[in-house]
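Below is one structure, written out as structure tokens; the observations come after it.
In our numbering, the protein residues as written are 44 to 394.
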């Protein structure tokens, strides 16, 4: 029995030892498997590193090859560019030569045309000079004719009914002065004071330093002279003697400024009294041919009566006293300078 028990104990020990050995073997197997995995991982890593290095070296070689090829290509492109530039330069030179030939031909034609134009211009200038001389001569002849016709009409009889006559441009109408003075005086004082005021205004008009005009700039850029509404003389004249006298003076002022801006005195002008405008030489000649001229025996070279239609002097709307009145007038205020003035006038018919 004891032997059997001992055999069992040995069997148990052997089984226990077997289990221990089996456990150790399993542990070893696991360890070996783990090492195998690590080795496999290392192998994979080494292969990957090898591939990376191989790829790097391959890329390096390829990059070097690519750089070399790029340099070669750049050199070829530069050579091609230089050749193209040379070709373009040659083409430009050829085009310039062609253009130069064309320009020379055109220039030759232009020079010929220029010579023709210069000759034509010279002819035109000669013709223009002749025309200017003719125009000046004609203008002088027309002016002489107007002057002669004025002299003829100034001496025509005033008893006939005339449409064409002579009007003194810038002559002060005395009727407004008479009308104004009739409001203030009676008898001879009317005429005396009228002529004194007329004489004062006449001296104003003949004053070379008096220029009651101002320059007006229009929207079109042109300039024109208009009456200066702030002129002291005109304002005093209007305030003290009324609008009728003011209008008569400004009318004469405008006419003198237009017809004789430098002289300051009235000038004769051929006039169509029916249409109230300047008469043409043709109209005056037809008038003279039709009516002739009848010298008035009452006229003298010093005192000439100017007619429009030769109507009765009592019916004239612009009448001047047929004499020269000399009067002493005081100009200005506060005892200014005393001068002697004369107011001369004729008669103008406007029927």
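From the three backbone atoms N, C-alpha and C, an ideal C-beta is built for every residue, glycine too.
According to DSSP, residues forming a beta bridge with residue i
i: residue 315; result: 207, 320
i: residue 268; result: 258
i: residue 212; result: 310
Distance CB(residue i)-CB(residue j) smaller than 7 Å
i: residue 288; j: residue 219; result: yes
i: residue 242; j: residue 224; result: no
i: residue 158; j: residue 213; result: no
i: residue 206; j: residue 316; result: yes
i: residue 268; j: residue 256; result: yes
i: residue 285; j: residue 249; result: no
Presumed contact (8 Å Cβ cut-off) between residue i and residue j, rounded CB distance
i: residue 321; j: residue 314; result: 6 Å
i: residue 216; j: residue 291; result: 5 Å
i: residue 195; j: residue 311; result: Not a contact, Cβ separation roughly 12 Å.
Residue i to residue j span [Cα, whole Å]
i: residue 309; j: residue 264; result: 32 Å
i: residue 349; j: residue 266; result: Low confidence applies to residue 349: its pLDDT is 42, below 50, so where it sits in the model is not reliable, and the reading given next is rough at best. In a straight line, the C-alpha of residue 349 is about 35 Å away from that of residue 266.
i: residue 280; j: residue 247; result: 11 Å
i: residue 168; j: residue 271; result: 44 Å
i: residue 65; j: residue 82; result: 25 Å
i: residue 191; j: residue 173; result: 26 Å
i: residue 113; j: residue 103; result: 15 Å
i: residue 69; j: residue 53; result: 24 Å
i: residue 80; j: residue 89; result: 14 Å
i: residue 73; j: residue 109; result: 52 Å
i: residue 51; j: residue 62; result: 16 Å
i: residue 282; j: residue 331; result: 45 Å
i: residue 85; j: residue 96; result: 16 Å
i: residue 67; j: residue 105; result: 55 Å
i: residue 123; j: residue 129; result: 10 Å
i: residue 100; j: residue 125; result: 37 Å
i: residue 277; j: residue 229; result: 26 Å
i: residue 161; j: residue 153; result: 12 Å
i: residue 221; j: residue 211; result: 19 Å
i: residue 117; j: residue 140; result: 34 Å
i: residue 132; j: residue 150; result: 25 Å
i: residue 46; j: residue 71; result: 37 Å
i: residue 107; j: residue 127; result: 30 Å
i: residue 48; j: residue 59; result: 16 Å
i: residue 297; j: residue 334; result: 32 Å
Could you tell me whether the region 177-193 touches the region 295-307, where touching means 3 or more Cβ pairs closer than 8 Å? No, the region 177-193 is not in contact with the region 295-307.
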